[in-house]
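Student: Heads up: the sequence shown is residues 101 to 351, going by my numbering. This is the structure I want to talk about, given as structure tokens.
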Amino acid sequence: MVVTAVATSPLPRVHTLPEHVAIIMDGNGRWAQSRGLSRQDGHRAGAENLRPVIERFGEHGVRVLTLFAFSTENWGRPRAEVEAILRLAGRVIDRDLHVFEDAGVRLCHIGDLEQLPKVLQKKIRMAVERTAGNDRMTVNLAFNYGGRADIVAAVRQLVAEGVTPEAVTEEAIAARLCTVGLPDPDLLIRTGGEHRISNFLVWQAAYCEYHFTTAYWPDFGVAEVDAALLEYSRRCRRFGLVPEDVGTDAV
Ligand code: IPE
Ligand code: IPE
Ligand code: MG
């Protein structure tokens, strides 16, 4: 996908591409503080960075991108900061929706929509509806998302359906998570230098590869996208098995 007419920089060839990349977009506050700016300024800069990063993953051919923008725990932040983040989410939709629509991007939302202000709920629903027919790339916005809450909701659904204990399988749980229909993430990137998943896709990320970078989210640019994908292509994913080139005779 090329959203803009002008390519930003030459695209390196990545041999093994992840189908689904998930990103914990962390470090907005520290980015701002290091510049003597307010945390809100940091969130504004972070919002500005969404479109170029989505475009770059699209140029590479990544099919699914899940972006962690607001966690269930983030409600505990100062009210002014939470309100600024909620306002920014609406503004990004107002400004960029037509761009994603035209570029074949399907926008989805994961997390609890009901807790969000009505105006934002409406905007998110409208963005999801308007892009529902697009199939070049899926961008999944995790807004008011919590990994444990996702699992609890799935288990509640199983119980409500009267599913028998024998029928509670990994597939049955996965089919009731809000990521149903999407492949599990292959690569999870966290910006901002912390080495944790902070209640992001706790079930879905069981076997994904992790890429941690010290770059704050507003500084996570095209070169960082390329570097993360190149690093991923050099990883050996074993899923508990032995690598293909290791024979069993020597055991
Ligand atoms: C990520 O940046 C954005 C959200 C969590 C909403 P932070 O706001 O967590 O920035 P730092 O980690 O404090 O620098
Ligand atoms: C994770 O970042 C949530 C998002 C990026 C939306 P946090 O800044 O909230 O996570 P912690 O507090 O460092 O674990
Ligand atoms: Mg943070």
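From the three backbone atoms N, C-alpha and C, an ideal C-beta is built for every residue, glycine too.
Alpha carbon to alpha carbon, how far is Asn-234 from Leu-282?
Tutor: When rounded, the distance between both Cα atoms is 15 Å.
Student: Can you check DSSP and say which residues form a bridge with Ala-242?
Tutor: DSSP lists Phe-168 and Ile-210 as partners of Ala-242.
Student: Comparing alpha-carbon positions, which option in Gly-262, Met-237 and Arg-206 lies nearest Arg-352?
Tutor: There is no way to answer for residue 352, as the model of the chain reaches only from 101 to 351.
Student: Nearest to Gly-129 by CA position, among Arg-191, Tyr-316 and Cys-336, is which residue?
Tutor: Considering only alpha carbons, the answer is Tyr-316.
Student: Verify whether the separation of the beta carbon atoms of Pro-285 and Thr-172 is less than 8 Å.
Tutor: Going by C-beta atoms, Pro-285 is not nearer than 8 Å to Thr-172.
Student: So the candidates are Pro-152, Ala-132, Gln-133 and His-143; which of them puts its Cα closest to the Cα of Ser-109?
Tutor: When only C-alpha atoms are compared, the closest one is Pro-152.
Student: Looking at Gly-247 and ligand 3, is the gap between the Cβ and the nearest heavy atom below 7 Å?
Tutor: For ligand 3, not one heavy atom lies less than 7 Å from the Cβ of Gly-247.
Student: Measure the beta-carbon distance from Ala-201 to Thr-238 and round it to whole angstroms, keeping in mind my assumption that it falls under 8 Å.
Tutor: Reading off the sequence shown, one finds Glu at residue 201, where the question assumed Ala. Not quite, the Cβ-Cβ distance comes to about 14 Å (not below 8 Å), so this is no contact.
Student: Evaluate contact between the segment 239-254 and the segment 297-305, counting only Cβ atoms and requiring at least three cross-stretch pairs below 8 Å.
Tutor: Yes, they touch.
Student: With a threshold of 16 other CB atoms inside 10 Å of the CB of Pro-265, please say whether the residue is buried or exposed.
Tutor: Looking at its Cβ environment, which holds fewer than 16 other Cβ atoms inside 10 Å, Pro-265 is exposed.
Student: From the DSSP output, read off the bridge partner residues of Leu-288.
Tutor: Its beta-bridge partners are Ala-122 and Tyr-310.
Student: Tell me whether the beta-carbon of Gln-140 lies closer than 8 Å to the beta-carbon of Glu-181.
Tutor: Yes, Cβ-Cβ distance for Gln-140 and Glu-181 is below 8 Å.
Student: Can we say the segment 258-275 touches the segment 215-223, given the rule of at least three CB pairs closer than 8 Å?
Tutor: Not touching, per the Cβ criterion.
Student: Considering just the uninterrupted stretch of the alpha helix (DSSP H) at Arg-225, what are its terminal residues?
Tutor: 218-230 is the span of the alpha helix (DSSP H), which, as asked, contains Arg-225.
Student: Please report the residue range of the alpha helix (DSSP H) in which Tyr-293 lies.
Tutor: A quick correction: the sequence has Gly, not Tyr, at residue 293. Neither: Gly-293 is in no alpha helix (DSSP H) and is coded neither H nor E.
Student: Considering only the alpha carbon of each residue, which of Val-162, His-143, Ala-203 and Thr-269 lies closest to Gly-190?
Tutor: Looking at the Cα atoms, His-143 is the closest of the given residues.
Student: Given a cut-off of 8 Å, decide if Leu-216 and Val-162 are closer than it, judged by their beta-carbon atoms.
Tutor: The answer is no: Cβ separation not under 8 Å.
Student: Please identify the residue among Thr-279, Tyr-307, Cys-308 and Phe-312 whose C-alpha is closest to the C-alpha of Gly-293.
Tutor: Answer by Cα proximity: Phe-312.
Student: Is there at least one non-hydrogen atom of ligand 2 closer than 7 Å to the beta-carbon of Phe-200?
Tutor: No, since every heavy atom of ligand 2 falls outside the 7 Å radius drawn around the Cβ of Phe-200.
Student: Using a 10 Å radius around the Cβ and a threshold of 16 neighbouring Cβ atoms, would you call Thr-260 buried or exposed?
Tutor: The residue you asked about is not Thr; residue 260 is Ala in the sequence shown. Its Cβ having fewer than 16 others within 10 Å, Ala-260 is exposed.
Student: How would the residue list near ligand 1 read, in chain order, if you kept each one whose beta-carbon is closer than 7 Å to any heavy atom?
Tutor: With the cut-off at 7 Å, the residues found are Met-125, Asp-126, Gly-127, Asn-128, Gly-129, Arg-130, Trp-131, Arg-139, Gly-142, His-143, Gly-146, Ala-169, Phe-170, Ser-171, Asn-174, Ile-185, Gly-292, Tyr-316 and Trp-317.
Student: Are the beta-carbon atoms of Pro-318 and Ala-184 separated by less than 8 Å?
Tutor: Cβ atoms of Pro-318 and Ala-184: not closer than 8 Å.
Student: Ser-109: beta carbon under 7 Å from a heavy atom of ligand 2?
Tutor: No; taking the cut-off as 7 Å, the Cβ of Ser-109 has no heavy atom of ligand 2 nearer than that.
Student: Determine the contact status of Ala-147 and Val-192, defining contact as a CB-CB distance below 8 Å.
Tutor: Yes, these two residues count as a Cβ contact at 8 Å.
Student: Beta-carbon within less than 7 Å of Phe-157's beta-carbon, same chain only, minus the 5 sequence neighbours each way: which residues are those?
Tutor: If we look at Phe-157 and ignore the five residues flanking it on each side, its Cβ neighbours are Val-121, Leu-165 and Val-325.
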